[in-house]
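Following: one structure in structure tokens, then a few remarks.
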Amino acid sequence: MRLDPTFQSQLLRERDRLITLVQSFRQAKVMVVGDLTLDEFLTGRVERLSREAPVAILRHEETRRIPGGGANAIYNCASLGAQVLAVGLVGDDEQGRALRSIFEAVQINTQGILVEEERPTVTKTRISGHARQSVTQQIVRLDRKSDEPPSQHHQQALARYITEQIDRVDAVIGSDYGDGVLSDPVIHAIAAAPRLVVDAQVDLDRFRGATLFTPNLPEAELAVGYAIANAADLQRAGQDLLQKTGAKAVLITRGEEGMSLFAANGEQHHIPAFNRTDVFDVTGAGDTVVAALTLALVSGANFWEAAVLGNLAASLVVRVFGTATTTVEAMETALMQLTEPGAG
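The sequence shown: position 20 = 20 (my numbering), numbered continuously.
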């Protein structure tokens, strides 16, 4: 894909400023409050068909465990150099301990991750197989989770921790995957943040007054109640979302169509996708967007600059299978490449 020449020229003019912002990510202090998930990837080689059922028998080769859901937003912030306070719930189980260990290995503060014994750690296990000289394919996904809300005790404990720590951070990210951590007491507590960026799949109005929302296209359609099929629908949806959420800005992420930014002050911008040709897996890309743009806002970026850097970070992680992260150095290199003549 070649970038639009006008946009590329704007990117070139702002390149030094954008690089300075990225380099400032290491000074950021953020709190991420969200539904924590452990993503498991089990891979094996197909040996034969089972006699017990019409299924393949796999010989186990590898197990990978990485942060998913709100945990991926936490890990992305840390990978970009920020100091991170992680807030959420895990179960008293091996998966919860594994998630904590992953965080602590990269110096993420886990004091705000509470254990609720009655709930399992949300875990999504993907089992994939391959034959000789064939592509690995996912066969099945097994989810472990509770549909019950967290106990009142744990909701209040999370809210107290947030209130005690919120003055230590420059921004809060609310990562709501619908698993119950973002309860009313918790939402009330994070509302005191100097900057609040919300990545919520449903019920955006519960976070009314946040600084910025980052719905993807289906989430935006669900929030406004109609399909976004053309430019006029998109324009209408942007304004409706601003009114519905009371936000300073709304960034609608639109996959290969890029991102559309609507600000309460009347500003509107479209940021094209930086990477259409090398997209392998969009898993977790939204977490990367929200992490990078939040760190950009903390570093002094305006909404356009923050959206561009969020888009840039996402363009790097979609080249990797599974939930992934990027780094300050990779973003700097990508910015230089995008502003070279003929780039895009």
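Beta carbons are placed, not taken as given, at the ideal position from N, Cα and C, and that holds for glycine.
Own chain residues within Cβ distance below 8 Å of residue i, not counting five before or after
| i | result |
| --- | --- |
| residue 264 | 242, 247, 248, 249 |
| residue 23 | 328, 332 |
| residue 21 | 296, 299, 300, 301, 305, 309 |
| residue 270 | 258, 259, 260, 261 |
| residue 137 | 128, 129, 130 |
Reference residue i, options the options, closest by Cα
| i | options | result |
| --- | --- | --- |
| residue 196 | 32, 210, 21, 202 | 210 |
| residue 212 | 94, 312, 114, 307 | 307 |
| residue 75 | 311, 37, 256, 170 | 37 |
| residue 18 | 326, 299, 51, 137 | 299 |
| residue 91 | 290, 85, 120 | 120 |
| residue 163 | 83, 81, 131, 112 | 112 |
| residue 424 | 116, 287, 81, 297 | Any question about residue 424 goes unanswered here, given that the chain covers just 1 to 344. |
| residue 346 | 193, 217, 89 | Because the chain is modelled from 1 through 344, residue 346 falls outside the range shown and cannot be assessed. |
| residue 114 | 123, 233, 97, 251 | 97 |
| residue 148 | 116, 93, 83 | 116 |
| residue 314 | 14, 33, 101, 254 | 254 |
| residue 40 | 70, 294, 95, 288 | 95 |
| residue 48 | 102, 65, 132, 101 | 132 |
| residue 160 | 244, 122, 33, 55 | 33 |
| residue 245 | 127, 215, 157, 165 | 215 |
| residue 154 | 51, 338, 87, 234 | 87 |
| residue 266 | 230, 303, 272 | 303 |
| residue 171 | 4, 7, 28, 5 | 28 |
| residue 66 | 35, 30, 123, 199 | 123 |
| residue 118 | 139, 93, 134, 140 | 93 |
Strand pairing of residue i, partner residues [DSSP]
| i | result |
| --- | --- |
| residue 40 | 65, 125 |
| residue 102 | DSSP lists no partner for residue 102. |
| residue 373 | Since the displayed the chain opens at 1 and closes at 344, residue 373 lies outside it and no answer follows. |
| residue 262 | 250, 268 |
| residue 32 | 86, 173 |
| residue 213 | 198, 250 |
| residue 56 | 49 |
| residue 109 | 85 |
Proximity of residue i and residue j at Cβ, strictly below 7 Å
| i | j | result |
| --- | --- | --- |
| residue 129 | residue 46 | yes |
| residue 99 | residue 125 | no |
| residue 201 | residue 238 | no |
| residue 274 | residue 311 | yes |
| residue 166 | residue 191 | no |
| residue 173 | residue 288 | no |
| residue 102 | residue 84 | no |
| residue 291 | residue 73 | yes |
| residue 150 | residue 89 | yes |
| residue 15 | residue 316 | no |
| residue 158 | residue 186 | yes |
| residue 229 | residue 252 | no |
| residue 70 | residue 175 | yes |
| residue 339 | residue 3 | no |
Close beta carbons around residue i, own chain, < 7 Å, minus the five adjacent residues each side
| i | result |
| --- | --- |
| residue 79 | 325, 326, 327 |
| residue 104 | 110 |
| residue 62 | 43 |
Spatial neighbours of residue i in its chain, beta-carbon cut-off 6 Å, leaving aside the 5 residues before and after
| i | result |
| --- | --- |
| residue 60 | 44 |
| residue 279 | The predicted position of residue 279 is uncertain, since its pLDDT is 47 and thus under 50; a value taken from the coordinates is nonetheless stated next. Within the same chain, residue 279 has close Cβ partners 318. |
| residue 26 | 81 |
| residue 64 | 41 |
| residue 9 | none |
Can you list the beta strand (DSSP E) stretches of 3 or more residues lying completely in the segment 114–198, in chain order? Correct list: 122–130, 137–144, 171–176.
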